[in-house]
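Residues in the sequence shown are numbered consecutively from -6, following the working numbering. Taking it in order: structure first as structure tokens, then the write-up.
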Amino acid sequence: MRKHAALFMSALVAALFAASPSWAQKRAEPGSFDYYVLTLSWSPTYCARAKGTPDPDQCGADRKFGFVVHGLWPQNKDGGYPASCTRDRSLPKAVVDQTMPVMPSVGLMVHEWSKHGTCSGLNATDYFAKLRAAHAKIAVPDGLKTPGATVPAMQVERLFLEANPGLTAEGVAVVCSKRDVSEVRICLDKDLGFVACGPKLVDRCRDRSAVLSANPAPPPPPPPAK
């Protein structure tokens, strides 16, 4: 009987992990990571490619954002990262109000806190203060502050390096969605100093004609039903 009970419990635990594989990552110890990745999202690309109805706070007709904060991610040098270290999804209203100017989506804030912030070892107030401080540290190049002229993707990294003394090519990665720049990722130590990224954080713009544009191409229509 004990043998059957033990087998049942083992199967139950295995099923729970299979149903929610991210729970395995919640075993990570909050605060146990090597460095941060500050991810800046190019808002025009996000809004053009968002599935369903884009967030009106970020993508409404009267919203003309350029680079906004997508997240501040605890990261490890081996390329792995802790995620969802607790189940906390609550954010104080004061945190939301203070963060909206740089991260204009409440839904995104809740998601980023739950998945990444809970692994920082900080409470929500201090984590988002750190996120805002990281954003303030980075100088967005003058030509990229607001949607304007089209800039080749290969020039985006160079412009960030020129605008941020101490930032090196090993500490920044440009990410594209199809032919459009979607993100710039910058690696920072826990004190928000520039640091080299791990080996898996690299540029992801395969199309050499990719650009940063105020008017990214919309996603292709779905194939017709057969």
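Quick reminder that beta carbons are idealized off the backbone N, C-alpha and C, glycines included. Since the model is a prediction, treat every value here as computed from it, not as a measurement.
May I ask you to report which of helix, strand or coil DSSP gives Cys169?
Looking at Cys169 - three-state DSSP - the assignment turns out to be strand.
Starting from Tyr120, trace the alpha helix (DSSP H) in both directions and tell me its first and last residue.
Ala117 to Lys130 is the extent of the alpha helix (DSSP H) around Tyr120.
Among the residues of its own chain, which have a CB less than 7 Å from the CB of Cys78, if the five just before and after it don't count?
If we look at Cys78 and ignore the five residues flanking it on each side, its Cβ neighbours are Lys19, Ala21, Pro23, Thr111 and Cys112.
How is Val95 classed by DSSP in three states: helix, strand or coil?
Here Val95 sits in coil by DSSP.
In the DSSP assignment, find the unbroken alpha helix (DSSP H) run with Tyr39 in it and report its ends.
Ser36 to Arg42 is the extent of the alpha helix (DSSP H) around Tyr39.
Please classify Ala126: is it buried, with 16 or more other beta-carbons within 10 angstroms of its beta-carbon, or exposed?
Exposed, since its Cβ has fewer than 16 Cβ neighbours within 10 Å.
I believe Asp50 touches Ser83 by the beta-carbon criterion, under 8 Å. Please report the beta-carbon distance rounded to the nearest angstrom.
Not a contact, Cβ separation roughly 19 Å.
Among residues of its own chain, excluding the 5 on either side of Asp200, which ones have a beta-carbon nearer than 6 Å to its beta-carbon?
Closer than 6 Å at the Cβ level, and outside the excluded window around Asp200, lie Arg172.
Name the two residues that bound the continuous beta strand (DSSP E) containing Phe60.
Note, Phe60: beta strand (DSSP E), Phe60 to Gln68.
Does DSSP classify Arg151 as helix, strand or coil?
Three-state result, Arg151: helix.
Report all residues from its chain with a CB closer than 6 Å to the CB of Ala203; omit the five preceding and five following residues, and keep chain order.
Excluding sequence neighbours, Ala203 sits near Ala146, Cys169 and Arg172.
Using a Cβ-Cβ cut-off of 6 Å (strictly less than) and excluding sequence neighbours within five positions of Ala189, which residues of its own chain qualify?
Around Ala189: Glu163 and Gly164.
Taking Val62 as the reference, give the member of Pro209, Leu101 and Asp48 with the closest Cα.
The shortest Cα separation from Val62 among Pro209, Leu101 and Asp48 belongs to Leu101.
Rounded to the nearest angstrom, what separates Cys40 and Phe60 at their Cα positions?
Straight-line Cα distance between these residues: approximately 12 Å.
Compute the beta-carbon to beta-carbon distance between Gln91 and Phe121, rounded to the nearest angstrom, for a pair I have assumed lies under 8 Å.
With 8 Å as the limit, Gln91 and Phe121 qualify as a contact, their Cβ atoms being about 7 Å apart.
How many angstroms separate the CA atom of Ser206 from the CA atom of Val149?
So the alpha carbons of these two residues sit roughly 11 Å apart.
Do you know offhand how far Asp27's Cα is from Leu65's?
So the alpha carbons of these two residues sit roughly 13 Å apart.
For the alpha helix (DSSP H) containing Pro49, list its first residue and its last residue.
Element bounds for Pro49: Pro49 to Cys52.
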